[in-house]
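Chains as they are written, first to last, in our numbering: chain E, 27 to 508; chain A, 2 to 96. Working notes, beginning with the structure itself.
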Amino acid sequence: MLIKGETGDWEVVIGLEVHAQVISNAKLFSGAATAFGADPNTQVALLDAGLPGMLPVINRYCVEQAVRTGLGLKAQINLHSVFDRKNYFYADLPLGYQISQYTQPIVGKGSIVLDLPDGSSRTVGITRLHLEMDAGKSLHDQHPSKTYVDLNRAGVALMEIVSEPDMRSPEEAAAYLRKLRAILRYLGTCDGNMEEGSMRCDVNVSVRRPGGPFGTRTETKNVNSIRYVMMAIEYETNRQIEILESGGTIDQETRLFDTVKFTTRSMRSKEEAHDYRYFPDPDLLPLVLDQAWVDEIRSTLPELPDEKKARFMEQYKLSAYDAGVLVAEKASADYYEAVAKGRDPKIASNWVTGELFGALNRLGKSIEESPVSAADLGGLLDLLADNTISGRIAKDVFAAMLETGKSAAVIVEEQGLRQVTDTGAIEAAIDGVLAANADKVAEFRSGKDKLFGFFVGQVMKQTQGKANPALVNEILQAKLKG
Amino acid sequence: MSIDKATVAKIAHLARIKVPEDEQERLAGELNQILHWVEQLAEVDTEGVEPMTSVAAQTLRQREDVVTEGDIRDQVLANAPDRAAGFFAVPKVVE
Chain E
27 MLIKGETGDW EVVIGLEVHA QVISNAKLFS GAATAFGADP NTQVALLDAG
77 LPGMLPVINR YCVEQAVRTG LGLKAQINLH SVFDRKNYFY ADLPLGYQIS
127 QYTQPIVGKG SIVLDLPDGS SRTVGITRLH LEMDAGKSLH DQHPSKTYVD
177 LNRAGVALME IVSEPDMRSP EEAAAYLRKL RAILRYLGTC DGNMEEGSMR
227 CDVNVSVRRP GGPFGTRTET KNVNSIRYVM MAIEYETNRQ IEILESGGTI
277 DQETRLFDTV KFTTRSMRSK EEAHDYRYFP DPDLLPLVLD QAWVDEIRST
327 LPELPDEKKA RFMEQYKLSA YDAGVLVAEK ASADYYEAVA KGRDPKIASN
377 WVTGELFGAL NRLGKSIEES PVSAADLGGL LDLLADNTIS GRIAKDVFAA
427 MLETGKSAAV IVEEQGLRQV TDTGAIEAAI DGVLAANADK VAEFRSGKDK
477 LFGFFVGQVM KQTQGKANPA LVNEILQAKL KG
Chain A
2 MSIDKATVAK IAHLARIKVP EDEQERLAGE LNQILHWVEQ LAEVDTEGVE
52 PMTSVAAQTL RQREDVVTEG DIRDQVLANA PDRAAGFFAV PKVVE
């Protein structure tokens, strides 16, 4: 995507660093719990509080989760990796350093395929994934002169997932985050909940002349929704172009996204902290993995979004777009497959992505909270398929299902919506309409073909929409000709 | 590699250690001696020798993913100079 500037075209270059909280019971290096929302400082081991004499012992399951994620990102798994200390001082980091991985991460290069809104795909490189411990949480708004610190999060395992600077628009960055989140959720390695902070994003943005060398980048820290990521990119792009076009230069710096003004601003105080003086953590030996163990994890990987999408296109003959929409969440894909089973897959897809998703969107509900179960939606499609109801009536029945939670069959019976397929009844209705509109019949017969729709409409009105449309067409054609 | 007074001041600040200016020169000299000693080790030919990560032949100890610790808030907060409502309370740090 090119951006028109005063002095010519510009291109934005985006790389993302995502911190994804690992799903595990206990922390990365201690036996304290990780559950969200506990009372402050109740899930803290002495190690997490940075008390002397404590040693870190790595949680094997967190390692497994990182390996599983690496495999899901089609990435290289490093059988030998090293933990380093990243040194800095902050009130919510009691150890004075974060145990992280620097030069030898557990996962190396991989890739993610983006599904773009126009149905096309694009591959973005993953540079690396490493394991590290989270910091505690600071609350600045509880007291006029104090910051309150809760260490429940301190020591929880994070995966830092770094992309290559391969994205070129806010939309691609959004697609990347959505896809990464989907993969993590399919794998069960991170819940991807940005509001609760279990997935956080640092956004690296620079601009350049199309095809030219990379410009100086800025890093906007801790952006906590996909919408904010897009806004931060938009703002940074315009800010940088404006500076460059007026003859200035970009400072390589850390910035903060302002969620009130939707702008970014410099975080000067963080600059010096960039000197992290990494060194291998003397408390931890290198992490050495067994290839057989990695292969074992690989053999338990679930079907991931890309494979599922390909299978949906192949097995159900869905378009790339529809398949992409359905596999975005595993629960949606499962729902669709339950509806499609033994039914027309295309019609099932239209109903799930159209009526159902539209309704869930309006109601602000997730697929898991859908008032209409997959089995009930399937029941509605069966009534449609065997001509018990017409397509138009089906939409009304669906609306009633959403409202009442009743099955389609019950609603059709209760409200008498059964389609009229009795040709005698339809003929009678048509005869009535033709007799009442003799003038229009004459017009039609003298060549005004467009009136056909009018007659159909009248017949449907007569029958409260219950007449089988195909029969109406057929009989009407015959009668008008005659 | 050589360390000057300014480097001493910088790393002291990064480590949050207060080093009076009149001691910086002396510390630079000491640190340079340490570096010089470490540099002598580089003279040993280590071609083909695996880096030694521990003096004992052992591998990284691992734990199961089981909650075994926590629920000791009073102990965790016991040495805190100030606390409130179960939180550590520290002088305000704001960006």
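No residue lacks a Cβ here, since even glycine has one placed at the ideal position from N, Cα and C.
**Request:** Determine the DSSP secondary structure at Gln47(E), reduced to helix, strand or coil.
**Result:** Counting from 1 along the first sequence, the entry for residue 47(E) is found at position 21. Of the three classes helix, strand and coil, the one that applies to Gln47(E) here is strand, per DSSP.
**Asked** Shorter than 9 angstroms from the beta carbon of Glu65(A) to some beta carbon of chain E?
**Response** Translated into positions along the second sequence, residue 65(A) becomes position 64. Closer than 9 angstroms: yes.
**Under the three-state DSSP convention, the category Thr246(E) falls into** = As a first step, residue 246(E) is located in the first sequence; it is residue number 220 there, counting from the start. Residue state, collapsed to three classes: strand.
**Residues that Ile84(E) contacts on chain A, provided the C-beta gap is smaller than 8 angstroms** = Locating residue 84(E) in the first sequence gives position 58, where the first residue counts as 1. Result: Leu61, Arg62, Gln63 and Arg64.
**Message:** Using the three-state DSSP reduction, which class does Asn85(E) fall into: helix, strand or coil?
**Reply:** By 1-based counting over the first sequence, the position of residue 85(E) is 59. Three-state result, Asn85(E): strand.
**Request:** Can you check DSSP and say which residues form a bridge with Tyr304(E)?
**Result:** The residue labelled residue 304(E) in the question sits at position 278 within the first sequence. The partner list for Tyr304(E) (beta bridge, DSSP) is empty, contrary to what the question assumes.
**Request:** Answer with yes or no whether the minimum CB distance from Gly57(E) to chain A is below 9 angstroms.
**Result:** Locating residue 57(E) in the first sequence gives position 31, counting from the first residue. Closer than 9 angstroms: yes.
**Item:** Positions along the region 171-184 of chain E whose CB lies within less than 8 angstroms of some CB in chain A
**Value:** Ser171, Lys172, Thr173, Tyr174, Val175, Asp176 and Leu177
**Request:** Measure how close the beta-carbons of Ala509(E) and Val95(A) come, nearest whole angstrom, since I'm counting them as under 8 angstroms.
**Result:** This structure gives no information on residue 509(E), because the portion of chain E shown stretches from 27 to 508.
**Message:** Would Asp1(A) pass as an interface residue toward chain E - the criterion being a Cβ-Cβ separation below 9 angstroms?
**Reply:** Nothing about residue 1(A) can be reported from this structure: the residues present for chain A run from 2 to 96 only.
**Asked** The beta strand (DSSP E) spanning Ala180(E) covers which residue range?
**Response** Here residue 180(E) refers to the residue found at position 154 when the first sequence is read from its first residue. Looking at the DSSP string, Ala180(E) is not in any beta strand (DSSP E), and its letter there is neither H nor E.
**Message:** Quick check on this structure: which residue in Gln47(E), Asp176(E), Arg207(E) and Gly63(E) has the alpha carbon closest to the alpha carbon of Leu119(E)?
**Reply:** Numbered from 1 along the first sequence, position 93 holds the residue referred to as residue 119(E). Out of Gln47(E), Asp176(E), Arg207(E) and Gly63(E), Asp176(E) has the C-alpha closest to the C-alpha of Leu119(E).
**Asked** Could you give the distance in angstroms between the alpha-carbon of Arg207(E) and the alpha-carbon of Val398(E)?
**Response** The count along the first sequence starts at 1 and reaches residue 207(E) at position 181. The count along the first sequence starts at 1 and reaches residue 398(E) at position 372. Between Arg207(E) and Val398(E), the C-alpha separation is close to 26 angstroms.
**Asked** Hey, Asn85(E) and Leu54(E) are a contact pair by Cβ (cut 8 angstroms); roughly how many whole angstroms apart?
**Response** To locate residue 85(E), count along the first sequence from 1; it is residue 59. To locate residue 54(E), count along the first sequence from 1; it is residue 28. Contact holds; Cβ gap of about 6 angstroms.
**Request:** Anything in the region 250-267 of chain E with a Cβ closer than 8 angstroms to a Cβ of chain A? List those residues in chain order, please.
**Result:** none
**Asked** Between which two residues does the alpha helix (DSSP H) containing Ala90(A) stretch?
**Response** Reading the second sequence from its first residue, position 89 is the one you call residue 90(A). No alpha helix (DSSP H) holds Ala90(A); the beta strand (DSSP E) holding it covers Phe88 to Pro92.
**Asked** Whose CA, out of Glu260(E), Ile267(E) and Val133(E), lies closest to the CA of Val93(E)?
**Response** Counting from 1 along the first sequence, the entry for residue 93(E) is found at position 67. That would be Val133(E), whose Cα lies nearest to the Cα of Val93(E).
**Prompt:** Nearest to Leu155(E) by CA position, among Gly404(E), Val44(E) and Phe115(E), is which residue?
**Reply:** Numbered from 1 along the first sequence, position 129 holds the residue referred to as residue 155(E). Residue Val44(E) is the option with its Cα nearest to Leu155(E).
**Of the residues Leu42(E), Gly380(E), Gln266(E) and Asp360(E), the one placed nearest Asp277(E), counting alpha carbons only** = Within the first sequence, numbered from 1, the residue matching residue 277(E) stands at position 251. Cα-wise, what sits closest to Asp277(E) is Gln266(E).
**Request:** Report yes or no: is there a C-beta of chain A within less than 9 angstroms of the C-beta of Pro371(E)?
**Result:** As a working note, residue 371(E) is residue 345 in the first sequence. No, Pro371(E) lies away from the interface with chain A (no Cβ there is under 9 angstroms from its Cβ).
**Proximal chain E residues relative to Gly87(A), where beta-carbon distance stays under 7 angstroms** = Along the second sequence, one-based indexing puts residue 87(A) at 86. By Cβ distance, chain E contributes Asp65, Pro66 and Asn67.
**Asked** Does the region 106-115 of chain E come close enough to the region 313-321 of chain E that 3 or more CB-CB pairs lie under 8 angstroms?
**Response** yes
**Request:** Please name the residue in Gly98(E), Gly96(E) and Ala75(E) whose C-alpha comes closest to that of Ile73(A).
**Result:** The sequence position of residue 73(A) within the second sequence is 72, counting from 1. Of Gly98(E), Gly96(E) and Ala75(E), the residue nearest in Cα terms is Ala75(E).
**Request:** Enumerate in chain order the residues of its own chain whose CB-to-CB distance from Leu497(E) is below 7 angstroms, with the five nearest sequence positions on each side excluded.
**Result:** As a working mapping, residue 497(E) is identified with position 471 in the first sequence. Here the set comprises Thr447, Thr449 and Ile452.
**Request:** Report yes or no: do the region 140-152 of chain E and the region 346-365 of chain E share at least 3 C-beta pairs separated by less than 8 angstroms?
**Result:** yes
**Prompt:** For the region 227-246 of chain E against the region 268-286 of chain E, are there 3 or more C-beta pairs whose distance is under 8 angstroms?
**Reply:** yes
**Request:** Select from Arg204(E), Gly238(E) and Gly237(E) the residue whose C-alpha is nearest the C-alpha of Arg226(E).
**Result:** On the first sequence, position 200 is the one that residue 226(E) refers to. With distances taken between Cα atoms, Arg226(E) lies closest to Arg204(E).
**Asked** Using 8 angstroms as the threshold, is the region 430-445 of chain E in touch with the region 403-418 of chain E, meaning 3 or more CB pairs across them?
**Response** yes
**Request:** Report all residues from its chain with a CB closer than 8 angstroms to the CB of Arg194(E); omit the five preceding and five following residues, and keep chain order.
**Result:** Indexing the first sequence from 1 puts residue 194(E) at position 168. Answer for Arg194(E): Met27, Glu37, Val38, Val39 and Ile40, listed in chain order.
**Prompt:** Do the region 27-44 of chain A and the region 2-9 of chain A meet, that is, are 3 or more Cβ pairs less than 8 angstroms apart?
**Reply:** yes
**Asked** Is Asp284(E) near the ligand ATP, with its Cβ less than 8 angstroms from a heavy atom?
**Response** The model depicted lacks the ligand ATP and carries no ligand whatsoever.
**Message:** Is it buried or exposed, Trp38(A), if we count other Cβ atoms within 10 angstroms and call 16 or more buried?
**Reply:** Counting from 1 along the second sequence, the entry for residue 38(A) is found at position 37. Looking at its Cβ environment, which holds fewer than 16 other Cβ atoms inside 10 Å, Trp38(A) is exposed.
**Request:** Compute the beta-carbon to beta-carbon distance between Ser358(E) and Asp66(A), rounded to the nearest angstrom, for a pair I have assumed lies under 8 angstroms.
**Result:** Here the question's residue 358(E) lines up with position 332 in the first sequence. Here the question's residue 66(A) lines up with position 65 in the second sequence. Incorrect: roughly 29 angstroms between the Cβ atoms, too far for contact.
**Message:** Just checking: is the beta-carbon of Leu28(A) within a distance shorter than 9 angstroms of some beta-carbon in chain E?
**Reply:** Taking the first residue of the second sequence as 1, we reach residue 28(A) at position 27. No, Leu28(A) lies away from the interface with chain E (no Cβ there is under 9 angstroms from its Cβ).
**Prompt:** Taking the Cβ atom as the reference point for each residue, do Leu213(E) and Gly98(E) lie within a distance shorter than 9 angstroms?
**Reply:** Position 187 of the first sequence holds residue 213(E). Position 72 of the first sequence holds residue 98(E). Yes, these two residues count as a Cβ contact at 9 angstroms.
**Message:** With distance defined between alpha-carbon atoms, name the residue in Val365(E), Lys372(E), Thr153(E) and Glu440(E) nearest to Leu406(E).
**Reply:** Your numbering for residue 406(E) matches position 380 in the first sequence. Nearest option by C-alpha distance: Val365(E).
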